[in-house]
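Participant: First the structure, which I've put down as structure tokens, then a few questions once you've had a look.
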Amino acid sequence: MLTLTPQDLYSIDGLRKIDELFQEEVKRHCPNLLERLIEARCTGEGDAELIIELAHLLERFITKIFHIEEELKAYQKLHEEFLDLYKCKRNFVQRYAIKKFPDRESLTLNVEEALLSILEVANIPVDENVFASKVNAWMEDKEQYEQQLDIAAQYAAHMVYSGSKSILFQVPQKYEAENLIPVDRACLDNNIDVTVAKSCLIKERTGFNIANPPSANKALNEVHYCILCHKQKRDSCSKGMVDKQGIVKASPLQVLMTGCPLKVKISETNLLKSQGLVLSPLAVIAVDNPMCALTGHRICNDCSRACIYQKQQPVDVPSIESYILDSVLNLPYGFEIYSLFTRWNPFHLQTFCPRNLQIKTFL
């Protein structure tokens, strides 16, 4: 049983007590892992594998401290539901429907009426979760459900080409440096033509509120879109896009692709989030960016600019970061958990606990 007081979260002795309890948790799970952690702390260096192995233990440890088991189960259920949606998007919409019907002209059916009949639902547009569930089942036996899959594929292609707002039917678009922002032409009172951003893109901000609140499906879609290139040591979103000589490359708009200025472990964070973790991804972010509440969606985009995807739209890393933080802050004791990670963080191998205060007189 973990016995801690609120004062333990804000005192050096209390944080050391938390660290000792965490080490005991690691030792119970795997003594060898604790040895690797201690060795990494001595050298101040550790690999991504160590962080990823510790992440699941940290998730469980923090959950026990704050008694938030039920709340995390709700997030895990949300993640499991999204996986069904993403499975349909990846395997059916992108790899089957779009390839079979490459443009709007190739569609041959009144797809909406045909789809209503095979799904046995009353309204269009069909609920994306219902559609994904049915299609995933049909994909298990393509021969038996060939007709149903053909109708569903035409509907999916129709939704993609119609610009559906559903995550299920949004596929990566080609990256065009000269056309990053959709625009309209407008005529002023003095008959001068001007170019303006499309009105649907303009969102008024009220005070310090986020113009686009984090969306679970959108963020998880971006998480699974990421190819986790830290495994090949090519995580340019974090380290920057460099050539063989180690020189930072410039984008087509001649902006240097330096990656995250704080060198946040973005790929590792996305991997943990893709595994359904809620707390540990924030702990990884907080190592290099403890003030992540001041970054994220609509604030910075150096990471996305240097994404490994250079010919199609990049991973929206800032939105992922904002969602990860928002998920934790919406938990009971969410702020306390975030605040704790900024003072005690087992992933910070050099300064996992605050150092002792040193009283020195300068004047």
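Residues in the sequence shown are numbered consecutively from -8, following our numbering. All C-beta atoms in this analysis are idealised placements derived from N, C-alpha and C, irrespective of residue type, glycine included.
1. Under the rule that 16 or more other beta-carbon atoms within 10 Å means buried, what is THR352, buried or exposed?
2. Does the Cβ of TYR314 have 16 or more other Cβ atoms within 10 Å, making it buried, or fewer, making it exposed?
3. Report the rounded CA-to-CA distance for LEU219 versus ALA39, giving the unit in angstroms.
4. Cα-Cα, which of GLN138, LEU322, THR249, PHE343 is closest to LEU35?
5. Starting from the N-terminal side, write out each stretch of the beta strand (DSSP E) that is 3 residues or longer and does not extend beyond the stretch 180 to 205.
6. Whose C-beta lies closer than 6 Å to the C-beta of HIS221 among residues of the same chain, with five residues either side of it excluded?
7. For SER97 and ASN261, I'd like the C-alpha separation in whole angstroms.
8. Would the stretch 226 to 244 and the stretch 298 to 316 be scored as touching if the rule is three or more Cβ pairs under 8 Å?
9. Is there contact between the stretch 235 to 247 and the stretch 208 to 216, where contact requires at least three CB pairs shorter than 8 Å?
10. Under a Cβ-count criterion, where at least 16 other Cβ atoms within 10 Å of its own Cβ denotes burial, should VAL246 be classed as buried or exposed?
11. Considering only the beta carbon of each residue, do ALA144 and TYR87 sit closer than 7 Å?
12. Is the stretch 332 to 351 in contact with the stretch 288 to 297, if contact means three or more CB pairs nearer than 8 Å?
13. In terms of residue numbering, what span does the alpha helix (DSSP H) encompassing ASP317 cover?
14. Does the separation of the CB atoms of VAL255 and ASP279 fall below 7 Å?
15. Helix, strand or coil for LYS64, going by three-state DSSP, please let me know.
16. Using DSSP bridges, identify the partner residues of CYS178.
17. Check whether the Cβ of LEU12 lies closer than 7 Å to any Cβ atom in chain D.
18. When DSSP labels each residue in this structure, what does GLN303 get in the three-state scheme?
19. When you compare only the Cα positions, how much space is there between ASN200 and LEU340?
20. Buried or exposed: GLU131, going by 16 or more other Cβ atoms within 10 Å of its Cβ?
21. Would you identify the three-state DSSP class for ILE3, choosing helix, strand or coil?
22. What do you reckon, are the CB atoms on LYS189 and PRO173 nearer than 7 Å?
23. How many angstroms separate the CA atom of LEU186 from the CA atom of ARG176?
24. Flag this pair as yes or no: are the beta carbons of SER271 and ALA46 separated by less than 7 Å?
25. For VAL269, does the three-state DSSP call read helix, strand or coil?
26. If you run the structure through DSSP and keep just helix, strand and coil, what is LYS222?
27. Using DSSP with H/G/I as helix, E/B as strand and the rest coil, what is LYS165?
28. Using alpha carbons as the reference points, say which of GLU44, LEU320, ILE350, LEU63 lies closest to GLU16.
29. Helix, strand or coil: how does DSSP classify LEU340 here?
30. Using CA atoms only, rank isn't needed, just tell me which of VAL102, MET248, ASN203 is closest to ILE311.
Facilitator: On the basis of the data shown:
1. Within the sequence shown, residue 352 is the residue found at index 361, counting from 1. Classification of THR352: exposed, given that the 10 Å Cβ count is below 16.
2. The residue you call residue 314 lines up with position 323 of the sequence shown. Classification of TYR314: buried, given that the 10 Å Cβ count is 16 or more.
3. As a working mapping, residue 219 is identified with position 228 in the sequence shown. As a working mapping, residue 39 is identified with position 48 in the sequence shown. Whole-angstrom Cα-Cα distance: 12 Å.
4. As a first step, residue 35 must be located in the sequence shown, where it is residue number 44. The question names Leu, but residue 35 is Gly in the sequence shown. The option with the nearest alpha carbon to GLY35 is PHE343.
5. 184 to 188
6. Here residue 221 corresponds to residue number 230 of the sequence shown, with the count starting at 1. ALA39, SER258, GLU259.
7. Against the sequence shown, residue 97 aligns to sequence position 106. Against the sequence shown, residue 261 aligns to sequence position 270. For SER97 and ASN261, the distance between alpha carbons rounds to 37 Å.
8. yes
9. no
10. For the purposes of this step, residue 246 is identified with residue 255 of the sequence shown, where counting begins at 1. VAL246 comes out exposed.
11. Sequence index remark: in the sequence shown, residue 144 carries index 153 (1-based). Sequence index remark: in the sequence shown, residue 87 carries index 96 (1-based). Yes.
12. no
13. In the sequence shown, the residue the question calls residue 317 occupies position 326. Segment 308 to 320, the alpha helix (DSSP H) holding ASP317.
14. Stepping through the sequence shown from its first residue, residue 255 is reached at position 264. Stepping through the sequence shown from its first residue, residue 279 is reached at position 288. Cβ distance < 7 Å, so VAL255 and ASP279 count as in contact.
15. The count along the sequence shown starts at 1 and reaches residue 64 at position 73. Three-state DSSP puts LYS64 in a helix.
16. The sequence position of residue 178 within the sequence shown is 187, counting from 1. ASP184.
17. Among the chains of the structure shown, chain D does not appear; only one protein chain is present.
18. Within the sequence shown, the letter at position 312 stands for residue 303. The answer is strand: DSSP assigns GLN303 an E or B state.
19. On the sequence shown, position 209 is the one that residue 200 refers to. On the sequence shown, position 349 is the one that residue 340 refers to. In a straight line, the C-alpha of ASN200 is about 34 Å away from that of LEU340.
20. The count along the sequence shown starts at 1 and reaches residue 131 at position 140. With fewer than 16 Cβ atoms within 10 Å of its Cβ, GLU131 is classed as exposed.
21. Residue mapping note: residue 3 aligns to position 12 of the sequence shown, counting from 1. Helix.
22. For this step, residue 189 is matched to residue 198 along the sequence shown. For this step, residue 173 is matched to residue 182 along the sequence shown. Closer than 7 Å, so yes.
23. As a working mapping, residue 186 is identified with position 195 in the sequence shown. As a working mapping, residue 176 is identified with position 185 in the sequence shown. The sequence shown places Thr at residue 186, not Leu. Computed Cα separation, rounded: 5 Å.
24. Position 280 of the sequence shown, counted from the first residue, corresponds to residue 271. Position 55 of the sequence shown, counted from the first residue, corresponds to residue 46. Result yes, Cβ atoms of SER271 and ALA46 sit closer than 7 Å.
25. Walking along the sequence shown from the start, residue 269 turns up at place 278. It is coil, neither helix nor strand.
26. Here the question's residue 222 lines up with position 231 in the sequence shown. Of the three classes helix, strand and coil, the one that applies to LYS222 here is helix, per DSSP.
27. Along the sequence shown, one-based indexing puts residue 165 at 174. Correct three-state label for LYS165: strand.
28. Translated into the one-based positions of the sequence shown, residue 16 becomes position 25. Selected option, being the one with the closest Cα: GLU44.
29. Locating residue 340 in the sequence shown gives position 349, where the first residue counts as 1. LEU340: coil per DSSP, three-state reduction.
30. Within the sequence shown, numbered from 1, the residue matching residue 311 stands at position 320. Taking only the C-alpha atoms, the option nearest ILE311 is ASN203.
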